[in-house]
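**Student:** By the UniProt record's numbering, the letter at position 15 of the sequence shown is numbered 15, and the numbering carries on one by one without gaps. All C-beta atoms, glycine included, are put in the ideal place defined by N, C-alpha and C. One structure is given below, represented as structure tokens, and several questions about it will come after.
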Amino acid sequence: MGKKIRWGILGTATIAMQEVIPALVKSRFGQVLAIASRDGEKAQRAAAQFGIKKHYGSYQTLLDDREVDAVYIPLPNHLHVKWAVSALRAGKHVLVEKPIALNAQEARSLKEEADKHPHLKVMEAFMYRFHPRWQKVRQLIEEGAIGDLKMVQSSFSFFDDDHRSIVYNRKFGGGSLMDVGCYPVSVARFLFGAEPVKIEADLDNHPEHKVDITAAGIMEFEKGRSIFFSSIQLFENQEAKCFGTQGIIELELPFNPHEDASSKIVVIKENGREEILIEPCNQYLCQVDAFSRAILQQTPLPVDLSDSILNMQALDAIKESDRLGKAVRL
1 MGKKIRWGIL
11 GTATIAMQEV
21 IPALVKSRFG
31 QVLAIASRDG
41 EKAQRAAAQF
51 GIKKHYGSYQ
61 TLLDDREVDA
71 VYIPLPNHLH
81 VKWAVSALRA
91 GKHVLVEKPI
101 ALNAQEARSL
111 KEEADKHPHL
121 KVMEAFMYRF
131 HPRWQKVRQL
141 IEEGAIGDLK
151 MVQSSFSFFD
161 DDHRSIVYNR
171 KFGGGSLMDV
181 GCYPVSVARF
191 LFGAEPVKIE
201 ADLDNHPEHK
211 VDITAAGIME
221 FEKGRSIFFS
231 SIQLFENQEA
241 KCFGTQGIIE
251 LELPFNPHED
261 ASSKIVVIKE
271 NGREEILIEP
281 CNQYLCQVDA
291 FSRAILQQTP
301 LPVDLSDSIL
311 NMQALDAIKE
321 SDRLGKAVRL
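This is the structure:
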């Protein structure tokens, strides 16, 4: 394990600059070798900021660099599959930001390409799954700590009134559902360990930009249900609660906990309240290390593309339910 994965970064998006590149700088299993931007000066400034050896003025030039082993793609949603496919064809492993595609069909096309390159790894960057707190929550549920899980209630919102933002760009795959609503959808599937069988949802679309500013819905599972909402025009908030037949699990800041402070799991039962503290954790670092180790050890990824396709199918069904004005079955 002395070798490190040499990473290339396609783009200088905020998530890359503030979270993923700093995590890679700390990684024991990877190092950032190159960064690219369509604006060469941006790439140069980013390289200087993080001490990155190489910078390029085009994404393809970085992909042509034979020294790069893996790439991270933080580009707008409509470019995820395009550049992930290009990266695979260039012989690179790929970590691509969530949501992995614009729809399930696009996600399936990526898997079809990935299947042609079985020696390469491709994974969607749902960083929350790598935080030990969520692993502990799932363990508690599986062990019956709150009886049978019957309800997951979750939400993710923030307020953005800059209509130049990509979240207001329909072509780019904007809207609250794709930006943050994908988290409540993913976490319900993760906790139930199953796929929804019926979804009913309503989207409040912006009259000019035609993207959803708020999405809300109910996902029915065989053994329970999930109630969720997301918004880009509500006060910033994250929430997740798990309701069982014998108790409740609550999480503070479920999707973006502070990396320099312990995070809390609260278990409420008839005989009282228990607080479980999880040590401080950088979930982005956990994510890139898990991906790098899978490459180095040639082991399966913790989350595969089949899971990503299923999450996109649920997102597609939410949009379809809103379009039809009724529940849809999966």
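Starting from L305, follow the beta strand (DSSP E) in both directions and report where the run begins and ends.
**Tutor:** By one-based count along the sequence shown, residue 305 stands at place 305. Segment L305 to L324 is the alpha helix (DSSP H) holding L305; no beta strand (DSSP E) there.
**Student:** With distances taken from CA atoms, which of L79, E113, V303 and I309 is nearest G91?
**Tutor:** Indexing the sequence shown from 1 puts residue 91 at position 91. The option with the nearest alpha carbon to G91 is E113.
**Student:** Could you tell me which uninterrupted alpha helix (DSSP H) segments, each at least 4 residues in length, are contained entirely in the region 1-45, listed from first to last along the chain?
**Tutor:** Whole alpha helix (DSSP H) segments, 4+ residues: 21-26.
**Student:** Measure the alpha-carbon distance for K53 versus A34 and round it to whole angstroms.
**Tutor:** For the purposes of this step, residue 53 is taken as the residue at position 53 of the sequence shown. For the purposes of this step, residue 34 is taken as the residue at position 34 of the sequence shown. One C-alpha to the other measures close to 6 Å.
**Student:** Take S263 and list the residues in its own chain whose beta-carbon comes closer than 6 Å to its own, dropping the five residues that flank it on each side.
**Tutor:** Your numbering for residue 263 matches position 263 in the sequence shown. The answer, listed in chain order, is R133, P257 and I278.
**Student:** Leaving out five residues before and five after P302 in sequence, what residues of the same chain have Cβ atoms less than 7 Å from its Cβ?
**Tutor:** Taking the first residue of the sequence shown as position 1, residue 302 is located at position 302. Hits under 7 Å: A290.
**Student:** Entirely within the region 229-314 and at least 4 residues each: give me those alpha helix (DSSP H) ranges in chain order.
**Tutor:** 283-297, all fully within the region 229-314.
**Student:** Helix, strand or coil for I146? Go by DSSP, reduced to three states.
**Tutor:** Within the sequence shown, numbered from 1, the residue matching residue 146 stands at position 146. Coil.
**Student:** Enumerated in chain order, which unbroken segments of the alpha helix (DSSP H) with a length of 4 residues or greater are wholly contained in the region 176-223?
**Tutor:** 182-192
**Student:** Is the CB-CB distance between L234 and T214 below 8 Å?
**Tutor:** Stepping through the sequence shown from its first residue, residue 234 is reached at position 234. Stepping through the sequence shown from its first residue, residue 214 is reached at position 214. Cβ distance < 8 Å, so L234 and T214 count as in contact.
**Student:** Kindly list the residues whose CB is nearer than 8 Å to the CB of L330, restricted to its own chain and excluding five residues on each side of it in sequence; keep chain order.
**Tutor:** Within the sequence shown, numbered from 1, the residue matching residue 330 stands at position 330. Taken in chain order, the residues that qualify are E195, P196, V197, K198, I199, Q313, A314 and A317.
**Student:** Less than 8 Å separating the beta-carbons of G247 and I268?
**Tutor:** The sequence position of residue 247 within the sequence shown is 247, counting from 1. The sequence position of residue 268 within the sequence shown is 268, counting from 1. Yes, they are a contact pair.
**Student:** Would you report the Cα separation of G11 and R45, rounded to the nearest angstrom?
**Tutor:** Within the sequence shown, the letter at position 11 stands for residue 11. Within the sequence shown, the letter at position 45 stands for residue 45. Each residue's CA atom was taken as its position, placing G11 and R45 some 12 Å apart.
**Student:** Compare the beta carbon distance of L177 and S230 with 8 Å and say whether it is the shorter of the two.
**Tutor:** One-based indexing of the sequence shown puts residue 177 at position 177. One-based indexing of the sequence shown puts residue 230 at position 230. It is a contact, given that the beta carbons lie within the stated cut-off.
**Student:** What is the rounded straight-line gap between the Cα of A70 and the Cα of E270?
**Tutor:** The residue labelled residue 70 in the question sits at position 70 within the sequence shown. The residue labelled residue 270 in the question sits at position 270 within the sequence shown. Roughly 49 Å between the two C-alpha positions.
**Student:** Below 6 Å CB to CB, which residues in the same chain sit around I232 once its five sequence neighbours on both sides are set aside?
**Tutor:** As a position in the sequence shown, residue 232 is number 232, starting the count at 1. Taken in chain order, the residues that qualify are D160, V167, S176 and I213.
**Student:** What alpha helix (DSSP H) runs, 4 residues minimum, are completely inside the region 84-110?
**Tutor:** Complete alpha helix (DSSP H) runs here, min 4: none at all.
**Student:** How far does the beta strand (DSSP E) with Y56 in it extend, from its first residue to its last?
**Tutor:** Reading the sequence shown from its first residue, position 56 is the one you call residue 56. Where Y56 is concerned, the enclosing beta strand (DSSP E) starts and stops at K54 to Y56.
**Student:** Taking the alpha carbon of L79 as the reference point, which residue from K136, Y56 and N103 has its own alpha carbon closest?
**Tutor:** Here residue 79 refers to the residue found at position 79 of the sequence shown. The option with the nearest alpha carbon to L79 is N103.
**Student:** From this set, I5, R138, R89 and Q139, which residue's C-alpha is nearest D115's C-alpha?
**Tutor:** The residue given as residue 115 occupies position 115 in the sequence shown. Closest by alpha carbon: R89.
**Student:** Consult DSSP for R225 and reduce its assignment to one of helix, strand or coil.
**Tutor:** Within the sequence shown, the letter at position 225 stands for residue 225. It is a strand residue.
**Student:** Mapping DSSP to helix, strand and coil, what is V152?
**Tutor:** Translated into the one-based positions of the sequence shown, residue 152 becomes position 152. Here V152 sits in strand by DSSP.
**Student:** Can you tell me the Cα-Cα spacing of K98 and Q105, whole angstroms?
**Tutor:** The count along the sequence shown starts at 1 and reaches residue 98 at position 98. The count along the sequence shown starts at 1 and reaches residue 105 at position 105. Approximately 15 Å, taken between the alpha carbons.
**Student:** If you reduce the DSSP assignment to three classes, tell me which class E112 lands in.
**Tutor:** Position 112 of the sequence shown, counted from the first residue, corresponds to residue 112. Look at E112 here: in three-state DSSP terms it is helix.
**Student:** Run through DSSP, which three-state label would R170 get?
**Tutor:** Here residue 170 refers to the residue found at position 170 of the sequence shown. Three-state DSSP puts R170 in coil, outside helix and strand.
**Student:** So what does DSSP say about R164, is it helix, strand or coil?
**Tutor:** For the purposes of this step, residue 164 is taken as the residue at position 164 of the sequence shown. Secondary structure of R164 (DSSP, three-state): coil.
**Student:** Could you tell me which of D260, I265 and Q31 sits nearest to L251, measuring between CA atoms?
**Tutor:** By 1-based counting over the sequence shown, the position of residue 251 is 251. Among D260, I265 and Q31, the Cα nearest to that of L251 is on I265.
**Student:** Do A216 and A201 have their CB atoms nearer than 8 Å?
**Tutor:** In the sequence shown, counting from the first residue as 1, residue 216 sits at position 216. In the sequence shown, counting from the first residue as 1, residue 201 sits at position 201. Contact: yes.
**Student:** Please say whether F228 and P184 have beta carbons closer to each other than 8 Å?
**Tutor:** By one-based count along the sequence shown, residue 184 stands at place 184. By one-based count along the sequence shown, residue 228 stands at place 228. In this structure, F228 lies closer than 8 Å to P184 by Cβ.
**Student:** Tell me which residue opens and which closes the alpha helix (DSSP H) that Y59 is part of.
**Tutor:** For the purposes of this step, residue 59 is taken as residue 59 along the sequence shown, with counting starting at 1. Per DSSP, Y59 belongs to the alpha helix (DSSP H) from Y59 to L63.
**Student:** If we call anything under 8 Å between Cβ atoms a contact, is V187 one with V152?
**Tutor:** By 1-based counting over the sequence shown, the position of residue 187 is 187. By 1-based counting over the sequence shown, the position of residue 152 is 152. Cβ atoms of V187 and V152: closer than 8 Å.
**Student:** Given this structure, state the Cα-to-Cα distance separating A36 from L75, to the nearest angstrom.
**Tutor:** Residue mapping note: residue 36 aligns to position 36 of the sequence shown, counting from 1. Residue mapping note: residue 75 aligns to position 75 of the sequence shown, counting from 1. Their Cα atoms are separated by approximately 11 Å.
**Student:** Following the continuous beta strand (DSSP E) through M123, name the residue where it begins and the one where it ends.
**Tutor:** Position 123 of the sequence shown, counting from 1, holds the residue named residue 123. Where M123 is concerned, the enclosing beta strand (DSSP E) stretches over V122 to A125.
**Student:** Please report how far the alpha carbon of Q60 lies from the alpha carbon of A48, in whole angstroms.
**Tutor:** Counted from its first residue, the sequence shown places residue 60 at position 60. Counted from its first residue, the sequence shown places residue 48 at position 48. Per the coordinates, the alpha-carbon of Q60 lies some 21 Å from the alpha-carbon of A48.
**Student:** How is V137 classed by DSSP in three states: helix, strand or coil?
**Tutor:** As a working mapping, residue 137 is identified with position 137 in the sequence shown. Helix, per DSSP.
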